[in-house]
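The sequence shown lines up with residues 1063 to 1195 when you count with this note's numbering.
Ideal Cβ placement from N, Cα and C applies to all residues, glycine included.
These numbers were taken from a predicted model, which means no experiment stands behind them.
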Amino acid sequence: MIIGSVPVFVNDQAQALAFYTDKLGFEVVMDMPIAQGVRWLTVSPKKGGTEFILFPPVMAGSGGAEEMQRRVGTWTGIVILSDDCRRDYDQLAKRGVQFTAEPKQQLWGGWMAEFADADGNRFQLVERAAHMS
């Protein structure tokens, strides 16, 4: 089994799409209109990998939109693995990704840096320690 997709709650799908493709280098997996001004939009670091659903709260309808809106701009709990956190940090920072700090080596031996997307959703960029690979 693999994880197929995870939602990332965004206010503006076009702005989010630009961030994930232009700055992170993700690929569009699916882009399909489902309602006026709303698309089923997924991106992934590589096709076949876990997809991020760029999910605007309005897709939840009147019953869940308010709850979904509270999730925009929070810590996602999503970890993006890197084989070289410091290299990827440098490349992403040059593309305009905003990090909270430079990568730091963690007590468990790996490296980590946190960044945010255009909506303020926070992610961790992590390089596992050699003994954890």
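Where residue 1133 and residue 1186 are concerned, what is the direct C-alpha to C-alpha distance, given to the nearest angstrom?
Translated into positions along the sequence shown, residue 1133 becomes position 71. Translated into positions along the sequence shown, residue 1186 becomes position 124. Residue 1133 and residue 1186: Cα-Cα distance of roughly 17 angstroms.
In three-state DSSP terms, what is residue 1148?
Here residue 1148 is taken as the residue at index 86 of the sequence shown, counted from 1. In the structure shown, residue 1148 sits in a helix (DSSP, three-state: H, G or I).
Going straight from the alpha carbon of residue 1165 to that of residue 1190, what length do you get?
As a working note, residue 1165 is residue 103 in the sequence shown. As a working note, residue 1190 is residue 128 in the sequence shown. Approximately 12 angstroms between the Cα atoms of the pair.
Can you tell me whether DSSP reads residue 1121 as helix, strand or coil?
Along the sequence shown, read from residue 1 onward, the residue named residue 1121 stands at position 59. Note: residue 1121 maps to helix in three-state DSSP.
So residue 1076 is in the alpha helix (DSSP H); what residue range does that whole segment cover?
The sequence position of residue 1076 within the sequence shown is 14, counting from 1. Residue 1076 -> alpha helix (DSSP H) spans 1075-1080.
Would the beta-carbon of residue 1100 fall within 8 angstroms of that of residue 1083?
By 1-based counting over the sequence shown, the position of residue 1100 is 38. By 1-based counting over the sequence shown, the position of residue 1083 is 21. No, the Cβ-Cβ distance between residue 1100 and residue 1083 is not below 8 angstroms.
By how many angstroms is the C-alpha of residue 1092 removed from the C-alpha of residue 1160?
Here residue 1160 refers to the residue found at position 98 of the sequence shown. Here residue 1092 refers to the residue found at position 30 of the sequence shown. Their backbone Cα atoms lie some 26 angstroms apart in a straight line.
In its own chain, which residues sit with a C-beta less than 7 angstroms from the C-beta of residue 1178, not counting the 5 before and 5 after it?
Here residue 1178 refers to the residue found at position 116 when the sequence shown is read from its first residue. These residues qualify, in order along the chain: 1160 and 1184.
Mind checking residue 1085: buried by the 16 CB within 10 Å criterion, or exposed?
Residue numbering aside, residue 1085 sits at position 23 when the sequence shown is read from its first letter. Per the 10 Å Cβ criterion, buried.
Once DSSP output is grouped into helix, strand and coil, what is the label at residue 1162?
One-based indexing of the sequence shown puts residue 1162 at position 100. Reduced to three states, the DSSP call for residue 1162 is coil.
Buried or exposed for residue 1113, please, with buried defined as at least 16 other CB atoms from any protein chain shown within 10 angstroms of its CB.
As a first step, residue 1113 must be located in the sequence shown, where it is residue number 51. That one is buried.
Would you tell me roughly how many angstroms separate the C-alpha atoms of residue 1174 and residue 1147, rounded to the nearest one?
Reading the sequence shown from its first residue, position 112 is the one you call residue 1174. Reading the sequence shown from its first residue, position 85 is the one you call residue 1147. C-alpha separation (whole angstroms): 7 angstroms.
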